[in-house]
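Colleague: Below you'll find the structure I mean.
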Amino acid sequence: MAPVFILCAMRSYSSLISAMLGQHPDLYGLPEINLSVGETLGDVAAFYQRRAHGLHGLLRTIAQLQAGQQTEATIAEAKAFLAERHGWSTSQMLDWIEAAVAPRRIVDKSPVAVRSVEMMQRLLRMRPDAQFLHITRQPAAVCRSIDRLHAEIDAETGSNLRNRVDAEQVWLKCNANIMAFKASLPPGQCMTLQGEALLGEYDIYAPQLCDWLEIRRDPDALAAMLHPEESPFATIGPPNAMYGNDPNFLKSAAFHPRPITIEDTEDGVDGRAFQPATRKLARELGYA
Amino acid sequence: MLDPSTIRTIGEQGIGNTRSRVAHACAVFEGRLYLGVTHPNGEGPEDAARILRYDFATEHWDVVHTSPLRPADDRAFAADILRAGGGRRIVSDQGVPRERGFRGMCVFQGASDLTPVLYCSTISNWGGLILRSDDGDRFEVVSEPGLVDDRLLSFRALVPFKGYLFTTPIGSIDEGKLDRNGTSDPTVFVSADPATGQWDRASLPGFGDPRNGVVFNMAVLGDHLYAGTGNPTRGFEIWRTAAEGSPPFTWERVLDRGAGRFSLNASVASMVAFNGALYIGTGLPGLGRDRANDIGPAAAELIRLWPDGRFELVMGEPRFSAAGLQVPLSAMLPGFDDPRNSVIWRQAVWNGTLYVATHHWGIYQFLTGAAARPEGGFHLWATTDGENFLPITTDGFGDPFAVGVRTLVPTAHGLVIGTDDHGTLRARAARMGASVDEAERGLTVSIGEDPAPFGEPALGPYG
Chain A
1207 MAPVFILCAM RSYSSLISAM LGQHPDLYGL PEINLSVGET LGDVAAFYQR RAHGLHGLLR
1267 TIAQLQAGQQ TEATIAEAKA FLAERHGWST SQMLDWIEAA VAPRRIVDKS PVAVRSVEMM
1327 QRLLRMRPDA QFLHITRQPA AVCRSIDRLH AEIDAETGSN LRNRVDAEQV WLKCNANIMA
1387 FKASLPPGQC MTLQGEALLG EYDIYAPQLC DWLEIRRDPD ALAAMLHPEE SPFATIGPPN
1447 AMYGNDPNFL KSAAFHPRPI TIEDTEDGVD GRAFQPATRK LARELGYA
Chain B
7 MLDPSTIRTI GEQGIGNTRS RVAHACAVFE GRLYLGVTHP NGEGPEDAAR ILRYDFATEH
67 WDVVHTSPLR PADDRAFAAD ILRAGGGRRI VSDQGVPRER GFRGMCVFQG ASDLTPVLYC
127 STISNWGGLI LRSDDGDRFE VVSEPGLVDD RLLSFRALVP FKGYLFTTPI GSIDEGKLDR
187 NGTSDPTVFV SADPATGQWD RASLPGFGDP RNGVVFNMAV LGDHLYAGTG NPTRGFEIWR
247 TAAEGSPPFT WERVLDRGAG RFSLNASVAS MVAFNGALYI GTGLPGLGRD RANDIGPAAA
307 ELIRLWPDGR FELVMGEPRF SAAGLQVPLS AMLPGFDDPR NSVIWRQAVW NGTLYVATHH
367 WGIYQFLTGA AARPEGGFHL WATTDGENFL PITTDGFGDP FAVGVRTLVP TAHGLVIGTD
427 DHGTLRARAA RMGASVDEAE RGLTVSIGED PAPFGEPALG PYG
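In structure tokens, the structure reads:
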């Protein structure tokens, strides 16, 4: 069963949308399992050696699928599971997850994948028949959200992310990478959707999404997707794997449908103009 | 449907002047074909634009109008912003043509016209003019330069509707710069009696939005006149009016944001009514990349719009949209599956078939070293149901320098096809080792027949 990979820059509604899709009766939403960072599970473990939270999503997934629950004990078992399988290819890991959730198709939204075209190509090699959903969000909103998140992290950890990371560059690079990857695919394998459109006009866009994914679009299925909070991964996890998703989403995963006003990218962000490349891509994505 | 084997050339080598490169404006008047030809450069007497007349019975062309010359003042030297380097032009000191081309042509009977007469719009650095002829032999100027502003270079579509003649400015000349595709006044103009030179504003500039930088094209569907804009920021918009009451008329927007492709569908290049829907061809200038507005690259799409406001993607990029999931009905991607088809330049309906013609920039791949040999030439596709297309040609009838179709005119004698020829590139291609005739050729006009019995030809808008 072809997986659905959600591609987007950080802070672009991917947690919410992935969890919503994952509540569809034909789909199974995962936390961030980050398998695109390497060829083997050993590679993945090494990639996150200094950032253990990067494995939280995979550990929670294994615990949930292996033991039916996420506790400190089942997370410990999941860690052991991973440690014994460092030689597994990431594709084998995906095989295992898919077998456990079959016949539902998995929905994965690991934002790390869009850091480079190569990582997205790795996902494609793992599953050549995968469908890729490119979710976008207006760049000024993304910049503010990234800055806000980094300010929170700085306050907690004493780091200096707020000043070190150029949020506009994050938006531009990630979306440009996705567009380059999309251009390499057959038509229709990757589709772009404004997050604001799906969340603000759910009744218009959710059925289209179902049609594209060739899954049910009956009222029950559409209603199920309105409850992302019912995902087993939509809360803070056990102390040894608390995250695997946007912390703010984990604190409050409910979806409240509301119209979303889209700012004009030509106005810049908080009095500062965007660079020409950002404006060009934003116009092409409908944010002008 | 047009049978490609019947297509024959009725005019070539620029029809008497190889510098005549663009078969730009065309109409059938009193049974004969009138063709306004354009010289993109307009550098001297040799570039005086002409109106040519073709007699289908005698198969003979004659010249019925030649642009007068005028002194080369500052406006003659205006730099074309689309030209590489943007330098000022070199013009002849023997004088330059007042008009170096014609953009629109139609048959219309205004309030003071005793019979239907021929109207056409000129391309002129001193303000585009409206010419009128009641006999096809004499052409008189019946407008002020630029109608209301002599900085307006030309007027694209000339569309009769409900007893009025509508037109829109295309191109501007200001402060030494010439912009072929933009305009300083993106307004629809209307006249009930163009012979008097009286024109009124039929719309607000840009329909009230400065992002609508130009009104590119117009067409009639049912009880409405539709106008398509160029909007490089958000994508084209379609507006329509029933033209009731006095101008300016009330307009309503029926499609926006480039039909969900946003800025990559910046402009409406052609529109025609077919089987109850409006077929909208999009495009970007140059080699599919609008450098002035930093858009693209992208190939053109074909969209159809129904009177109730629904739109469908006929040919183009699959996408989600406010009107539902759009998968191209023709199963063809942008540019008829060829990314070098950057504009749907002309559409026409003839004998129950829709014909769609493109601008194709493939020849430039050879000239820039990106292709091993010269190849390209415009595409011409045909469909009887608006969804399944058959190619009439995908190589400019074998001429890669024939980059586009600028004239597509249904007549009782066949479908007339006039080209935009980039034959000035032949010498350059030859220098690069291509086996081509170096001689400049100029535009070509062809005609093809449909083996099926003729119906009443349906004239589309030209501009």
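As they're listed, the protein sequences go chains A and B. Counting from 1207, one number per residue, gives the positions in the first sequence under my numbering. Counting from 7, one number per residue, gives the positions in the second sequence under my numbering. Note that CB positions come from ideal geometry on N, CA and C, so glycine has one too. Quick caveat: nothing in here was measured; it's all calculated off a predicted structure.
1) Residues of chain B with a CB under 9 Å from the CB of P1482(A): which are they?
2) Going by beta-carbon coordinates alone, are R1328(A) and E1238(A) separated by less than 9 Å?
3) Give the range of the alpha helix (DSSP H) segment to which A1305(A) is assigned.
4) What is the rounded straight-line gap between the Cα of I1410(A) and the Cα of P1463(A)?
5) Distance, Cα to Cα, L171(B) vs T72(B)?
6) Any contact of the segment 401-421 of chain B with the segment 1475-1493 of chain A, i.e. 3+ C-beta pairs under 8 Å?
7) By Cβ distance, which residues of its chain are closer than 8 Å to D140(B), with the 5 residues on each side in sequence left out?
8) Thinking just about the alpha-carbon of each residue, which of L293(B), H365(B), T389(B) is nearest to the one in N281(B)?
9) Determine, using beta carbons only, whether K1486(A) comes closer than 9 Å to chain B.
10) For L311(B), which of helix, strand or coil comes out of DSSP?
11) For M1504(A), which of helix, strand or coil comes out of DSSP?
12) Starting from L1227(A) and walking both ways along the alpha helix (DSSP H), at which residues does that stretch end?
13) On the three-state DSSP scale, how would you describe F62(B)?
14) Going by Cα to Cα distance, which pick from R217(B), F213(B), P238(B) is closest to E258(B)?
15) Candidates R27(B), Y60(B), Q19(B), S26(B): which alpha carbon is nearest E36(B)'s?
16) Assuming V165(B) contacts M224(B) (C-beta within less than 8 Å), just tell me the rounded distance between them.
17) Establish whether the CB of S269(B) and some CB of chain A are separated by less than 9 Å.
18) Kindly indicate which residue of S1242(A), I1281(A), P1392(A) has the alpha-carbon position closest to the one of V1323(A).
19) Nearest CA to the CA of D262(B): which residue from G368(B), I244(B), A248(B)?
20) Whose Cβ in chain B lies nearer than 8 Å to the Cβ of M1397(A)?
21) Run through the DSSP bridge pairs and tell me what Q1400(A) is partnered with.
22) Which same chain residues end up closer than 7 Å to F460(B) when comparing Cβ atoms and leaving out the 5 residues on each side of it in sequence?
23) Is G266(B) close to chain A, meaning its C-beta is less than 9 Å from at least one C-beta of that chain?
24) Going by DSSP in three states, K183(B) sits in which element: helix, strand or coil?
25) Can you list the residues of chain B that G1394(A) reaches, using a CB-CB cut of under 8 Å?
26) Would a check of beta-carbon distances place W1418(A) closer than 9 Å to chain B?
27) How big is the Cα-Cα spacing for P467(B) and R1217(A)?
28) Please classify T64(B): is it buried, with 16 or more other beta-carbons within 10 angstroms of its beta-carbon, or exposed?
29) Using only alpha-carbon positions, find the residue among G1477(A), L1233(A), M1325(A) that is nearest to A1308(A).
30) What are the boundary residues of the beta strand (DSSP E) that E258(B) is part of?
31) Nearest to R162(B) by CA position, among K168(B), A436(B), S178(B), is which residue?
32) Can you name, in chain order, every residue of its own chain whose Cβ lies under 6 Å from the Cβ of N187(B), other than the five neighbours on each side?
33) Across which residues does DSSP place I301(B) in a beta bridge pair?
34) Candidates G454(B), A436(B), G251(B): which alpha carbon is nearest I398(B)'s?
35) Within 9 Å of any Cβ in chain B, is that where the Cβ of E1435(A) sits?
36) Assign G287(B) to one of two classes, buried (16 or more other C-beta atoms within 10 Å of its C-beta) or exposed (fewer than that).
Modeller: The structure says:
1) D300
2) Their beta carbons are not under 9 Å apart, which means R1328(A) does not touch E1238(A) by this criterion.
3) 1296-1307
4) 12 Å
5) 24 Å
6) no
7) D119, L120, T121, V123, L124
8) Ranking L293(B), H365(B), T389(B) by Cα distance to N281(B) puts T389(B) first.
9) yes
10) In this structure, L311(B) counts as strand in the three-state DSSP scheme.
11) In this structure chain A extends from 1207 to 1494, so residue 1504(A) is not present and cannot be described.
12) Going by DSSP, L1227(A) is part of the alpha helix (DSSP H) stretching over 1220-1228.
13) Looking at F62(B) - three-state DSSP - the assignment turns out to be coil, as it is neither helix nor strand.
14) F213(B)
15) Y60(B)
16) 5 Å
17) yes
18) S1242(A)
19) It is I244(B) whose Cα lies nearest to the Cα of D262(B).
20) P324, R325, F326
21) For Q1400(A), the beta-bridge partners assigned by DSSP are T1342(A).
22) Confidence at F460(B) is low in this model, with a pLDDT of 49, below 50, so the placement of that residue should be treated as unreliable; the coordinate-derived value is given next. Excluding positions up to five away in sequence, the list reads N357, A418.
23) yes
24) strand
25) P324, V333
26) For W1418(A), the answer is yes, since a Cβ of chain B falls inside 9 Å of its Cβ.
27) Residue placement at P467(B) is flagged as unreliable, the pLDDT there being 47, under the threshold of 50; a coordinate-derived value is accordingly withheld.
28) exposed
29) Looking at the Cα atoms, L1233(A) is the closest of the given residues.
30) 258-261
31) S178(B)
32) For N187(B), where only same-chain residues beyond five positions count, the Cβ hits under 6 Å are P291.
33) D296(B)
34) G454(B)
35) no
36) buried
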